[in-house]
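In this note's numbering, the protein residues as written are 1 to 198. A virtual CB, placed ideally from N, CA and C, is assigned to each residue, including glycine. Take a look at the structure set out below.
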């Protein structure tokens with residue numbers, strides 16, 4: 001299945017279909033941007049969407065906010081029927097070897113395991129963190145609180161290894177693409193991750 005798969009940019013029609021059929025299932029409502037906002041960002045060149053496709057089937061997808069040679073994962077998911085089969089790791093490797101290989105910095109947010117409200121949630125978050133670390137991402141030493149949710153910021157192994165200070169700057173720049181200044185000042189806070197830096 002994955003041997004014949006390829007990573008390619010998604011068409012606007014595919015983005016719309018994924019949003020209606022998969023994003024609304026894969027992510028909670030409070031994490032979903034309105035589709036119109038994604039479409040406007042795509043039109044401005046501030047957003048890109050890739051899929052791991054096997055023929056017409058989209059096995060996994062990744063949406064990014066972009067500015068220059070920097071990007072931030074906005075959404076990343078594997079088809080629910082294909083999870084725990086190595087598809088996610090294969091997709092990340094294909095992204096790294098393909099469309100992300102020329103990027104200077106690519107960041108990713110994960111829900112902070114230390115802020116989980118239950119043991120079950122903490123285990124789920126730690127499992128997700130371990131998946132990314134196993135697949136070559138590394139902790140930047142930065143945490144962010146966005147709309148009341150605390151994240152650890154990871155980086156993909158592209159370009160030079162990013163320092164905590166550079167990660168803070170890049171993250172802030174990318175969030176300024178997403179949010180107007182007033183909303184950014186109200187809802188985004190960056191601080192050191194003393195437990196997760198490597």
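**Report entry** For residue 1, three-class secondary structure by DSSP
**Finding:** Low confidence applies to residue 1: its pLDDT is 46, below 50, so where it sits in the model is not reliable, and the reading given next is rough at best. Reduced to three states, the DSSP call for residue 1 is coil.
Query - Beta-ladder partner(s) of residue 108, from DSSP - result: 154
Query raised in the report: Can we say the stretch 110-117 touches the stretch 161-173, given the rule of at least three CB pairs closer than 8 Å?
Result: Here the stretch 110-117 makes no contact with the stretch 161-173; the two share fewer than three CB pairs at distances below 8 Å.
Query raised in the report: At which residue ranges does the stretch 12-56 contain complete beta strand (DSSP E) runs of 3 or more residues, listed in the order of the chain?
Result: 47-54
**Report entry** Rounded C-alpha distance that separates residue 80 from residue 15
**Finding:** 17 Å
Report task. Could you name the residues that DSSP lists as bridge partners for residue 192? Result -> 142
Query raised in the report: Quick one: what does DSSP say residue 74 is sitting in, helix, strand or coil?
Result: strand
Requested in this report: Report back the beta-carbon spacing between residue 86 and residue 7 to the nearest angstrom; my notes put them in contact at under 8 Å.
Outcome: Their Cβ separation, rounded to whole angstroms, is 15 Å, which puts residue 86 and residue 7 out of contact at 8 Å.
Query - Enclosing beta strand (DSSP E) for residue 8 [first to last residue] - result: First-last of the beta strand (DSSP E) with residue 8: 6-9.
Requested in this report: Look at residue 49 and residue 10 and say whether their C-beta atoms are less than 8 Å apart.
Outcome: yes
Report task. Kindly identify the DSSP beta-bridge partner or partners of residue 67. Result -> Partner(s): 70.
Report task. Would you mind sorting residue 147 into buried or exposed? The rule is 16 or more other CB atoms within 10 Å of its CB. Result -> exposed
Query raised in the report: Candidates 190, 22 and 105: which alpha carbon is nearest residue 161's?
Result: 105
**Report entry** Straight-line gap, residue 65 to residue 73 (C-alpha atoms, nearest Å)
**Finding:** Near 7 Å, if we compare the C-alpha coordinates of residue 73 and residue 65.
Query raised in the report: CA-CA distance, residue 187 and residue 67?
Result: For residue 187 and residue 67, the distance between alpha carbons rounds to 20 Å.
Query raised in the report: What's the call for residue 84, buried or exposed, on a 16-neighbour Cβ count within 10 Å?
Result: exposed
Query raised in the report: Is DSSP giving residue 162 helix, strand or coil here?
Result: coil
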